[in-house]
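Structure first, then comments.
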Amino acid sequence: MADAPRFDLPTIEAESAEFWAGMREGKLLLRRCGDCGALHYYPRPFCPECWSEDVSWQPACGKATLYTHSTVFVNDLPPFNEQVPYVAAVVDLEEGPRMMTQIIDCAVEDLEIGMPLEMTFREVTDEVSIAVFRPAGA
Amino acid sequence: MASHGIKDKVAIVGMACTPFREHWDKGADDLLIEASQGAITSTGIALDDIDAFWLGTAQTGMSGITLSAPLKLTGKPVTRVENYCASGSEALRQAAYAVASGAYDVAMAIGVEKVKDSGYQGLNAFPIPNDGTNRTLTAAAMFSLVAPAYANKYGVDEDELKLVLARIASKNHFNGARNPLAQFRKEVDVDTICSAMPVAGRLGVFDCAGVADGAAAAIVVRAEDAHRYTDSPLYIKALSFVAGSGSGLIDPDYDYTTFPEIVQCAADAYAQAGVSDPRHQIAMAEVHDCFTPTELVLMEDLGFSERGHAWTDVNAGVFALDGELPVNPDGGLKSFGHPVGASGLRMHYENWLQLRGKAPEDRQIVLDPTRPYGLVQNLGGYPGEMVCFMSILGTEPG
Ligand SMILES: [Zn+2]
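Chains as they are written, first to last, in my numbering: chain H, 1 to 138; chain G, 1 to 398.
This is the structure in structure tokens:
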């Protein structure tokens with residue numbers, strides 16, 4: 001299966017290398033605009049509010065709340081086909097930006113909209129880690 | 001804002017729709033020939049009488065040659081259009097504008113998708129490279145995100161909402177059981193739907209549209225010429241289209257209980273047609289029920305139900321075949337499956353039958369002069385990132 005295509009890996013480019021390096025170090029890097037102060041995610045080379053290119057990295061604190069969710073029981077794309085069921089979710093970071101992610105360590109019946117979450121990291125490969133969330137204080 | 005519209009300037013004068021099936025014995029060529037032959041027979045014209053062609057398909061072909069080759073067209077303008085799952089409706093939109101402009105007298109809009117034998121299971125996602133920040137959710141999961149958000153916003157118990165969604169699926173299967181062209185032609189009860197294999201969130205297999213091959217076609221002419229072709233034309237009252245900016249996916253203000261693109265598209269369509277009270281002026285609607293939560297939210301976005309009340313209207317049977325405002329009387333995507341490029345024209349085909357009183361007796365809706373309009377709503381994409389087409393149709397000009 002070494003050559004099987006997989007659909008969970010990013011193409012790491014110059015612009016996003018630092019973001020993915022942050023993930024490996026256990027940091028979710030947001031971007032703050034030096035001109036208008038807006039925070040954004042996913043990271044872009046300019047501020048989506050005012051188009052300023054004066055943007056710098058700011059690690060997220062790791063707190064979030066659950067906005068909505070879906071437990072995925074069927075997904076044919078590798079490697080997700082071997083991970084089902086998993087909980088996909090839309091979460092609101094404490095800093096404001098919204099993020100699509102996964103919830104771990106939580107039974108489906110315990111998922112509740114608005115529940116507090118805390119960030120943790122999952123190592124996908126040697127190069128790639130991703131931020132996922134679990135119930136706060138779990 | 002919005003469109004000037006082409007109200008009553010263009011009429012559909014012939015239509016056809018193939019059975020939607022797993023057509024293991026037919027390719028796209030066969031389906032295109034069957035739908036186009038049906039449409040020209042329905043119009044009483046020859047293929048050579050058609051001046052221009054628009055083909056809607058998402059993945060079955062790249063250019064007009066996908067149509068001109070099987071139809072052996074020579075010297076004709078043939079264009080392939082693509083706009084996600086609204087590709088078939090987009091073909092109709094282009095054909096209608098072409099005759100309205102006077103550039104052509106007779107145009108064909110045709111849509112096809114050959115999904116089976118593609119080497120993929122289901123409707124495979126478009127293979128767009130991404131940087132890893134794109135979602136990796138299935139289509140069912142994306143639309144299932146609506147259910148918890150809706151339940152939370154309006155205080156509906158999630159188990160009750162599951163039943164509401166099952167009633168939508170059961171209603172559409174009831175209608176599809178009365179349609180020989182549908183892929184699934186059996187009634188399915190709420191208990192069966194609720195106990196089916198889970199797919200995503202609270203959605204089970206019966207909350208999802210199927211996968212089928214199919215084609216459908218329409219012939220359009222300028223309204224003043226319509227009676228040269230048929231005694232019962234179907235006039236186009238409105239055509240609207242909205243492509244969202246895709247910002248919903250990262251917008252913390254997007255709440256997953258409405259599709260803003262559809263609200264905007266509906267406002268444009270209703271303005272063009274002069275519809276002020278859709279709940280009481282629309283005779284029937286064919287809507288994009290790709291997953292049951294989609295149809296629920298559409299009832300509010302189209303103005304059929306007040307915000308937060310579509311679920312009670314579903315429970316009251318408002319959208320049933322014998323209800324106040326039948327929705328998906330042909331069985332919808334639920335019963336037909338979703339051959340992407342064909343679905344939009346399939347929705348028009350049901351309006352073509354119903355509004356002219358030509359649907360089979362066991363699913364013909366009651367025609368009421370106070371409700372002179374039929375409606376098609378056909379979307380592509382996902383919550384937060386969507387395109388929407390709408391048309392409004394009627395049998396009387398003016
Ligand atoms: Zn800024």
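Note that beta-carbon positions come from the ideal geometry of N, C-alpha and C, so glycine has one too.
None of these values were measured; they are calculated from a predicted model.
Endpoints, the beta strand (DSSP E) within which residue i is located
| i | result |
| --- | --- |
| G/N378 | 373 to 382 |
| G/C17 | 10 to 17 |
| G/A96 | Premise fails: G/A96 lies in the alpha helix (DSSP H), 87 to 100, not in any beta strand (DSSP E). |
| H/D92 | 86 to 93 |
| G/M108 | 106 to 113 |
| G/W54 | 52 to 56 |
| G/A285 | 282 to 286 |
| H/P135 | 129 to 135 |
| H/Q102 | 98 to 103 |
| H/T120 | 116 to 123 |
| G/Q272 | Where G/Q272 is concerned, there is no enclosing beta strand (DSSP E), although the alpha helix (DSSP H) it sits in stretches over 260 to 273. |
| H/A64 | 63 to 72 |
| H/P59 | 55 to 59 |
| G/T79 | 78 to 81 |
CB of residue i within 8 Å of CB of residue j, strictly
| i | j | result |
| --- | --- | --- |
| H/R6 | H/P78 | yes |
| G/A315 | G/R202 | The identity of residue 315 of chain G in the sequence shown is Asn, whereas the question assumes Ala. Contact: no. |
| G/P293 | G/S144 | yes |
| G/P278 | G/L249 | no |
| G/L333 | G/F304 | no |
| G/G5 | G/A238 | yes |
| G/V340 | G/S87 | yes |
| G/V242 | G/A285 | no |
| G/T257 | G/K153 | yes |
| H/L29 | H/E95 | no |
| G/G38 | G/A16 | yes |
| G/N351 | G/L379 | no |
| G/T18 | G/G214 | yes |
| G/A149 | H/V72 | no |
| G/F217 | G/S36 | It should be pointed out that residue 217 of chain G corresponds to Ala in this sequence rather than to Phe. It is a contact, given that the beta carbons lie within the stated cut-off. |
| G/C265 | G/S240 | yes |
| G/A223 | G/K9 | yes |
| H/C61 | H/C47 | no |
| G/A399 | G/V220 | Any property of residue 399 of chain G remains undetermined from this structure, which presents chain G solely from 1 to 398. |
| H/P45 | H/E15 | yes |
| G/A107 | G/V99 | yes |
| H/V84 | H/H69 | no |
| G/P233 | G/V13 | yes |
| H/T101 | H/A136 | no |
| G/A342 | G/E113 | yes |
| H/P8 | H/V124 | Per the sequence shown, residue 8 of chain H should be read as Asp rather than Pro. It is a contact, given that the beta carbons lie within the stated cut-off. |
| G/A139 | G/L165 | no |
| G/L345 | G/G111 | yes |
Start and end residues, alpha helix (DSSP H) containing residue i
| i | result |
| --- | --- |
| G/C194 | 190 to 194 |
| G/T41 | 28 to 43 |
| G/E385 | Taken as a continuous stretch (DSSP letters only), G/E385 belongs to no alpha helix (DSSP H), being part of the beta strand (DSSP E) at 385 to 394. |
| G/A200 | Premise fails: G/A200 lies in the beta strand (DSSP E), 198 to 200, not in any alpha helix (DSSP H). |
| G/T66 | 65 to 71 |
| G/V340 | 340 to 355 |
| G/K334 | 332 to 336 |
Proximal chain H residues relative to residue i, where beta-carbon distance stays under 9 Å
| i | result |
| --- | --- |
| G/D251 | R98 |
| G/P198 | T71, F73, V74, P85 |
| G/Y256 | Y67, T68, V90 |
Contact set between residue i and chain G, taken where Cβ atoms lie within less than 8 Å
| i | result |
| --- | --- |
| H/A14 | Within chain G, no residue comes near H/A14; the closest Cβ sits about 11 Å away, beyond 8 Å. |
Minimum Cβ-Cβ distance from residue i to chain C less than 8 Å
| i | result |
| --- | --- |
| G/G246 | Absent from the structure: chain C. Protein chains present are H and G. |
Partner residues on chain H for residue i, Cβ-Cβ distance less than 8 Å
| i | result |
| --- | --- |
| G/A149 | Y67, T68, I113 |
| G/G381 | Near G/G381 there are no residues of chain H at all, since even the closest Cβ is about 15 Å away, more than 8 Å. |
Within chain G, the residues that residue i reaches when beta carbons sit closer than 9 Å
| i | result |
| --- | --- |
| H/T125 | None at all; the shortest Cβ gap to chain G is about 12 Å. |
Listed by chain order, chain H residues near residue i by CB distance under 7 Å
| i | result |
| --- | --- |
| G/S144 | S70 |
| G/G308 | Per Cβ cutoff of 7 Å: no residues; G/G308 is ~16 Å from chain H at best. |
| G/N152 | I113 |
| G/G155 | None at all; the shortest Cβ gap to chain H is about 12 Å. |
Residue i: contacting residues in chain G (beta-carbon distance under 7 Å)
| i | result |
| --- | --- |
| H/A88 | L137, A141 |
| H/D35 | In chain order: nothing, as chain G lies at least about 20 Å away. |
| H/D105 | What H/D105 touches in chain G: nothing, since even the nearest Cβ is about 19 Å away. |
- Query: For ligand 3, which residues have a Cβ under 6 Å from at least one heavy atom, in chain order?
  - Reply: By its list of ligands, the structure shown excludes ligand 3, since it contains just ligand 1.
- Contiguous beta strand (DSSP E) assignments of at least 3 residues, all confined to the segment 217 to 245 of chain G: Taking only runs of at least 3 residues, the beta strand (DSSP E) segments lying wholly in the segment 217 to 245 of chain G are 234 to 243.
- Query: Going along the chain, which unbroken runs of the beta strand (DSSP E) with 3 or more residues stay wholly within the segment 296 to 326 of chain G?
  - Reply: You should have found no qualifying run.
- Ranges of the beta strand (DSSP E) found wholly within the segment 5 to 46 of chain H, counting only runs of at least 3: The qualifying runs are 29 to 33.
- Message: What ranges does the alpha helix (DSSP H) occupy inside the segment 141 to 173 of chain G, keeping only unbroken runs of at least 4 residues that lie completely in it?
- Response: You should have 146 to 154.
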